[in-house]
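Encoded as structure tokens, the structure appears first; notes follow it.
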Amino acid sequence: ITATIAPELFQAGRDSISKVLSQTQQSKKSVSVSQWPSIFSGLEVISNRMTLSHRDPGGAPSHYDMLVSLGIEHDAILSIEDLEAELVYSPGTMTYIAGRVLQHSVHHWNTGEHYVIAHFMKDKVQDRVGVPRPAF
Numbered sequence: 003i004t005a006t007i008a009p010e011l012f013q014a015g016r017d018s019i020s021k022v023l024s025q026t027q028q029s030k031k032s033v034s035v036s037q038w039p040s041i042f043s044g045l046e047v048i049s050n051r052m053t054l055s056h057r058d059p060g061g062a063p064s065h066y067d068m069l070v071s072l073g074i075e076h077d078a079i080l081s082i083e084d085l086e087a088e089l090v091y092s093p094g095t096m097t098y099i100a101g102r103v104l105q106h107s108v109h110h111w112n113t114g115e116h117y118v119i120a121h122f123m124k125d126k127v128q129d130r131v132g133v134p135r136p137a138f
């Protein structure tokens, strides 16, 4: 999906992970990234937690975060304050957001279990391996 909606981001992520793998294998460190399943350099699982209004500090303005909402029968809302938008964030929803640029949050929901898998890129990873960030 990322390759379709943000091809430059996809390529930058793929190049970064490939270079990290190459450098890790060359240095013979014990950390193995050979089975890393994503073009994103970070994944975070958020379980039954509200997220206060924030911008993501680790990415570049041109990085999109992929947020996957999971769970059971919840009525969570993803708020994007800068756009004055409130989006239905029901189980199975996948959203891409410029998390460094747009202030966003998930407040209290009334029913069910809510889980999010947040996929993101850290700008420092791309800097370290010499991959330019995508244009914004």
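Terminal number for the sequence shown in this note's numbering: 138, no gaps in between. Ideal Cβ placement from N, Cα and C applies to all residues, glycine included. Only a predicted model underlies this, so the values are computations on that prediction, with no experimental measurement involved.
The stretch 111-119 and the stretch 35-44 do not touch, with fewer than 3 CB-CB distances between them shorter than 8 angstroms. Looking at the DSSP output, F122 shares a beta bridge with G44. A Cβ-Cβ contact shorter than 7 angstroms links F122 with D67. Assignment of beta-bridge partners to Y117 by DSSP yields S49 and L72. Here E10 carries a helix assignment [DSSP, helix/strand/coil]. When rounded, the separation of the alpha-carbon atoms in Q13 and L80 is 28 angstroms. DSSP places V127 within a helical segment (H, G or I) once states are collapsed to three. Membership of T95 in any beta strand (DSSP E) is not indicated, and neither H nor E is assigned to it by DSSP.
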